[in-house]
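Accompanying notes for the structure given below.
There are 4 protein chains.
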Amino acid sequence: MIVVMQHGAGREKIDHVVSEIGKHGFKAHLSEGQERTIIGIVGDGRLTDLQHLENLPGVDAIVKVLKPFKLVGRDFHPADTVVKLDGVEIGADKVVIMAGPCAIESESQLYAAAKAVKEAGAKVLRGGAFKPRSSPYSFQGLGEEGLKLMARVKEEFGLLSVTEALTPATVELVAEYTDIIQIGARNMQNFGLLREVGKIDRPVLLKRGMMNTVEELLLSAEYILAEGNGRVILCERGIRTFEKYTRATLDVSCIPVCKRYSHLPVIADPSHAAGSWSYVAGLSMAAIAAGADGLLVEVHPDPASALSDGKQSLRPEKFQALMKQLKAVAAVMGRSL
Amino acid sequence: MIVVMQHGAGREKIDHVVSEIGKHGFKAHLSEGQERTIIGIVGDGRLTDLQHLENLPGVDAIVKVLKPFKLVGRDFHPADTVVKLDGVEIGADKVVIMAGPCAIESESQLYAAAKAVKEAGAKVLRGGAFKPRSSPYSFQGLGEEGLKLMARVKEEFGLLSVTEALTPATVELVAEYTDIIQIGARNMQNFGLLREVGKIDRPVLLKRGMMNTVEELLLSAEYILAEGNGRVILCERGIRTFEKYTRATLDVSCIPVCKRYSHLPVIADPSHAAGSWSYVAGLSMAAIAAGADGLLVEVHPDPASALSDGKQSLRPEKFQALMKQLKAVAAVMGRSL
Amino acid sequence: MIVVMQHGAGREKIDHVVSEIGKHGFKAHLSEGQERTIIGIVGDGRLTDLQHLENLPGVDAIVKVLKPFKLVGRDFHPADTVVKLDGVEIGADKVVIMAGPCAIESESQLYAAAKAVKEAGAKVLRGGAFKPRSSPYSFQGLGEEGLKLMARVKEEFGLLSVTEALTPATVELVAEYTDIIQIGARNMQNFGLLREVGKIDRPVLLKRGMMNTVEELLLSAEYILAEGNGRVILCERGIRTFEKYTRATLDVSCIPVCKRYSHLPVIADPSHAAGSWSYVAGLSMAAIAAGADGLLVEVHPDPASALSDGKQSLRPEKFQALMKQLKAVAAVMGRSL
Amino acid sequence: MIVVMQHGAGREKIDHVVSEIGKHGFKAHLSEGQERTIIGIVGDGRLTDLQHLENLPGVDAIVKVLKPFKLVGRDFHPADTVVKLDGVEIGADKVVIMAGPCAIESESQLYAAAKAVKEAGAKVLRGGAFKPRSSPYSFQGLGEEGLKLMARVKEEFGLLSVTEALTPATVELVAEYTDIIQIGARNMQNFGLLREVGKIDRPVLLKRGMMNTVEELLLSAEYILAEGNGRVILCERGIRTFEKYTRATLDVSCIPVCKRYSHLPVIADPSHAAGSWSYVAGLSMAAIAAGADGLLVEVHPDPASALSDGKQSLRPEKFQALMKQLKAVAAVMGRSL
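Protein chains in written order, with the numbering used here: chain A, 1 to 337; chain B, 1001 to 1337; chain C, 2001 to 2337; chain D, 3001 to 3337.
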């Protein structure tokens, strides 16, 4: 961290800042420029919040030099992390496709979706039992009944499952029935929930919040790793911007950026970003070509009757066609499906 | 709601849409334009999600006509709601100032802050016991001990108190010690938490999420009212934009917009928006001049040693000076402090 | 267009709106819902601005139904437009790569860049002679001297050239020396400039403004087509968001969205979006996999000494490696380079 | 400026960076931290672009320490600038209100608007003769005829006038007929235009682009001052965000932020930000309470028949009522109207 002093800040103010830095256990390193003095803080600023130094007299700004995350970063863990689960590896050679309906609606719906998804070559079945909805009047999910359905159906088709946990209190319940626990975009900074999934022995699929920076995504992952759970999969699902033709803006750059700074695997959710099934294929291809380790795709046997997000769900035959294309683009990336 | 058909969509597709609308219990009303047919859906579209109709063949788009909230809206509740608590009224003639430190750090800190706040004329003491922080390495609050401190100090000074509840499980605990329960920006769409505070008998201060539209803010308030708790105070605290000189962008328009569409009181938090104490006075004045019913301001006896957000906290003497100005601008608005 | 009346707006107000609609030469079509009356406006609302109807008493909102563009849209021009120039076709089977330095700095620099670009298989040489820079103290380009250099060098290597025109007054000058005229992101809504390039016989590369929606991009293209120039190439180059690890956010969805609504070819500029060379390969691959017809890539023989945007420029050897990968991904899309 | 080296960058790479810094005429100042080396660049980095150093081997990032503007900044010009024109002072004690229609439509319309504006106490008449419109099918303004009308009408009422220049070629023409030249939001980074208005002897009203940072606004003003014209008035008019209930988000913080870093006067345009007349009063009050030196307000004698932006225009009687309120809030700020 660097403290930039104001134009004309005198010796007394500089000394005061240096002394405050010392109080927090850091060393100060002065550099007097033509117009301003800057003071380098020597020590690991990630573990101590020194932002309040900006409030000292004569200080103009505090500039962070190091990235604020540690466990998820590559500096001390250069090799890629591979999340392993029952023979499926996320972050390794194979691109892993997770697919299924937005919400679990009924046995027949989930069964039909699982069948389609399995036949097309996906490895993980997705489906929400607890649905976070903007309006209290929208369908909120089947709850525990949905979890049980999911457990039965994924078993029958030999798929893994991923479903969302909404509150700290339900993490254990969800973990009982599902293989991968999803933290949704709206909960990316629900720190109590992050700590809870950090304590259990299940891979966590952490979705980027729609208005969170990549840095904050990595810091949220840091919460989980700090509790002891190292099996975190990052997921880009679109951020909120001014653009109106899509539901969100898939930040495809998030994939190479995460790969540069972190060792964790990264997947993309093209469905929530697009908000319309007609863009899902294009975004899926883009994500894999940008280096994603997998995808989370919404597939519904009958989108026009879906209780949630039908508009952005692929029909089984469209999904099957997409999987063929994905196989080809994965091969270009030196990977397989 | 209105269904816009694609250019050239034929009779069969139109009939299909009309029949689907009927299945959901609504009436369809056709209007054939020069280039396209549009189909009006007659009925209360707020209570049923019909977005999936967009997936029917021949449909180009679904356009919402009504605002999706009901209980918080002015259509059926034109008069302003006044939130009353122990003689303090929020949303009535008096502008209510809530002030105090970001986080409760120690008895002496809270005591000094409460004293300053009380002397300057504020009615409510703010202070966090559970702090949501982006980094797991930042100070996370004193927890229940902080709540107890808060209860003691606010009692002594004859102030009301407001503090944040982070998880559904701690709502009751927070309610035991505090007068107004705050839902923080990161939890505005934590629907389990919203439902929980909807069930208790305490006013709720609902902060707008930094990534949420005003419509979503009102829908989140709708969750609380739908559970039976009508004492909700809306709070604008800045949204996330591309601008970098401030921590967030205070959306001052949110105040008249909320006043137009909703009967609930609206306050502003200039401190989190500004991110720097030097803009707090200007934003506070702006919010009251735009019609806000109150403010939530960070005041710290010694900002340079604050464990959280010191940079944006006012010193007691600055706060006292601000209160004088606020009194004058409130008078211009036909109100008092 | 649809006029939504306020809750409780009476007969008199409705009649007034209907009569105003008639005055503008449109027909009104009433639809009385449970709570509100909506009035459909029958006629081509794209060519008349009726937004001010929102100011009539009793009106709640005006809702647009049709997309506001016409000449660039697919409704009346379903087939893809192919921009042809000296044997190069943009928007046809071959993916067209345009590459070169951000700014033309010297003959040796441009010569080295052109050589690298040609050898790697690009068809168009890019390079700016007039540079729009945020700061008046940054390098502003070589001007006409740069244009002449460009003309000489592209000739020698048998490349086409693309360079930016900044003002209406210099359009003719730029057209004299270059094959494709670029309209930069900052000028996407410089309507005088758009009209000027609409009058000349040269393909136009229209970059999306960093603050503009896809709809506005298409409307800006409409300005050019309306003047008679149909050879417009759309270019996604990243939009401005809150994310800080990249210079802009490449909106990869813009590619399939433009393809859906417009018949014009679409390319992407991964370099300006990324702001760092290390993400350029990933974004380039993503754009082609999402269906882009080409790329505009910054390549510099010695990025560390570049006078502009060196940070995001690829060295020749990196570009050559990228071209191989692009060839493979183009093949997956059924295209070649 | 500070160069942050990568974790583990060795002596050779550090020496290379130091030597490159020397080549550009700056001194390097090393600071070796626990994990990384940082290199301070001593000298005025505002006048030289050193961003490309980021491309040197071993460099992680370049961090700017100084604000990149100089002439518009307070460091070397601490006192407020007052823009004077025919007895009207902008940036002094009096708050200056500029009002009138969005577009000049006819003599009777402009006459009626001018009369209303004058009677209510405004000092400057606004009105556009050249209108930048997103769609080529929208009304584009009366051109020179409009300028002449404006000159006649403002003369008759003893008002000053402000109108927009769209292209460098028309700056002189506009300057011939008007007192203050406006640079619109879409042209904030039209650098050729900025240079042109920098050369003439007329105050310039520089509007912030809807997706430009305050820093970029100040840099655009720097372009004008660098050409010799010091009479620049900054104008906040709303930025583009994800919020949909208003046309743009008035960034009221821009006012105190500009006041902190720059000596130039700052006004606000509440009409374009709001996009609806019903929020204009609230935003106007907010802007003055936040410290603005004036306002630019749309007033139209008959908004429902306006050819442009009628929806956001105030009727004369609403404007008159607003002026009374503004007078009161100006008094609170120690100012008058």
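All C-beta atoms, glycine included, are put in the ideal place defined by N, C-alpha and C. Quick caveat: nothing in here was measured; it's all calculated off a predicted structure.
(message) Is there a C-beta anywhere in chain D that falls below 7 angstroms from the one on Ala2321/C?
(response) Answer no: the Cβ-Cβ gap between Ala2321/C and chain D never drops below 7 angstroms.
(request) Name, please, each residue of chain D whose Cβ falls closer than 8 angstroms to the Cβ of Leu66/A. (result) From the beta-carbon of Leu66/A, the residues of chain D found nearer than 8 angstroms are Glu3035, Arg3036.
(message) My output table needs one value for Met1188/B: the three-state DSSP class, helix, strand or coil.
(response) coil
(message) If we define contact as Cβ-Cβ less than 7 angstroms, is Val1329/B a contact residue for chain D?
(response) Closer than 7 angstroms: yes.
(request) Quick one: grab the DSSP three-state call for Gln3182/D. (result) Gln3182/D sits in a strand when the DSSP states are folded into three classes.
(request) Count the CB pairs spanning the segment 2215-2230 of chain C and the segment 221-234 of chain A that are closer than 8 angstroms, and state whether there are at least three. (result) no
(request) Note down, in chain order, every chain D residue with its Cβ under 7 angstroms from the Cβ of Lys2311/C. (result) Gln3051, His3052, Glu3054, Asn3055
(message) Looking at Leu2218/C: is its Cβ nearer than 7 angstroms to the Cβ of Phe2069/C?
(response) yes
(message) Classify Ala3079/D: buried if its beta carbon has 16 or more other beta carbons within 10 angstroms, exposed otherwise.
(response) exposed
(request) Report the residue from Lys2154/C, Ile2021/C, Ile2288/C whose alpha carbon sits nearest the alpha carbon of Gly2334/C. (result) Ile2288/C
(message) What ranges does the alpha helix (DSSP H) occupy inside the segment 1278-1337 of chain B, keeping only unbroken runs of at least 4 residues that lie completely in it?
(response) 1280-1289, 1316-1332
(message) Please list, in chain order, the chain A residues whose beta carbon lies closer than 7 angstroms to that of Glu1216/B.
(response) Ser134
(message) Using CA atoms only, rank isn't needed, just tell me which of Ser2253/C, Ile2039/C, Glu2035/C is closest to Ile2015/C.
(response) Contrary to the premise, residue 2015/C reads as Asp rather than Ile in this sequence. The shortest Cα separation from Asp2015/C among Ser2253/C, Ile2039/C, Glu2035/C belongs to Ile2039/C.
(message) Once DSSP output is grouped into helix, strand and coil, what is the label at Leu1030/B?
(response) strand
(request) Taking 8 angstroms as the threshold, find out whether the segment 1088-1100 of chain B comes into contact with the segment 1116-1129 of chain B through three or more Cβ pairs. (result) Yes: the two stretches touch, three or more of their Cβ pairs being nearer than 8 angstroms.
(request) Give the straight-line distance between the Cα atoms of Phe2026/C and Ile90/A, rounded to the nearest whole angstrom. (result) 59 angstroms
(request) May I have the straight-line CA-CA distance separating Leu85/A from Pro1132/B, to the nearest angstrom? (result) About 31 angstroms.
(request) Give the range of the beta strand (DSSP E) segment to which Ile3041/D is assigned. (result) 3037-3042
(request) Would you list the residues sitting across from Gly1073/B in a DSSP beta bridge? (result) Ser1262/B
(message) Is there a C-beta anywhere in chain C that falls below 7 angstroms from the one on Phe1157/B?
(response) no
(message) I'd like to check one pair, Gly1192/B with Pro1168/B: are the Cβ atoms closer than 7 angstroms?
(response) Yes, the Cβ-Cβ distance between Pro1168/B and Gly1192/B is below 7 angstroms.
(message) By DSSP's criteria, Lys1199/B is part of a beta bridge. Which residues make up the other side?
(response) Beta-bridge pairing links Lys1199/B to no other residue.
(request) Could you name the residues of the same chain whose beta carbon sits closer than 6 angstroms to that of Gly2282/C, not counting the 5 residues immediately before and after it, in chain order? (result) none
(request) Compute the Euclidean distance between the alpha carbons of Arg3237/D and Val1299/B, then round it to the nearest angstrom. (result) 31 angstroms
(request) Buried or exposed for Ser3106/D, please, with buried defined as at least 16 other CB atoms from any protein chain shown within 10 angstroms of its CB. (result) Exposed, because fewer than 16 other Cβ atoms sit within 10 Å of the Cβ of Ser3106/D.
(request) Give a yes or no on whether the C-beta atoms belonging to His3344/D and Ala2306/C are separated by under 7 angstroms. (result) With chain D represented from 3001 up to 3337, any question about residue 3344/D goes unanswered, as that position is not in the structure.
(request) With Arg2208/C as the anchor, note down where its alpha helix (DSSP H) starts and where it stops. (result) First-last for Arg2208/C: undefined, no H or E at that position.
(message) Can you check whether the C-beta of Asp269/A is within less than 7 angstroms of a C-beta belonging to chain C?
(response) So, not an interface residue.
(request) Could you tell me which residues DSSP pairs with Val2004/C in its beta bridges? (result) DSSP output for Val2004/C lists Ile2038/C, Ala2061/C as bridge partner(s).
(request) Can you tell me which of the three DSSP states Lys154/A falls into? (result) helix
(request) Give the range of the beta strand (DSSP E) segment to which Ser161/A is assigned. (result) 160-164
(request) Answer with buried or exposed for Pro3316/D, where buried requires no fewer than 16 other C-beta atoms within 10 angstroms of its C-beta. (result) buried
(message) Taking 7 angstroms as the threshold (beta carbon to beta carbon), is Ala2304/C in contact with chain D?
(response) yes
(message) Rounding to the nearest angstrom, what Cα-Cα distance links Asp2093/C and Ala3290/D in this structure?
(response) Whole-angstrom Cα-Cα distance: 57 angstroms.
(request) List the residues of chain D whose Cβ lies closer than 7 angstroms to the Cβ of Leu1250/B, in chain order. (result) Val3252, Ser3253
(request) Select from the segment 2152-2184 of chain C all residues with a C-beta closer than 9 angstroms to any C-beta belonging to chain A, and list them in chain order. (result) none
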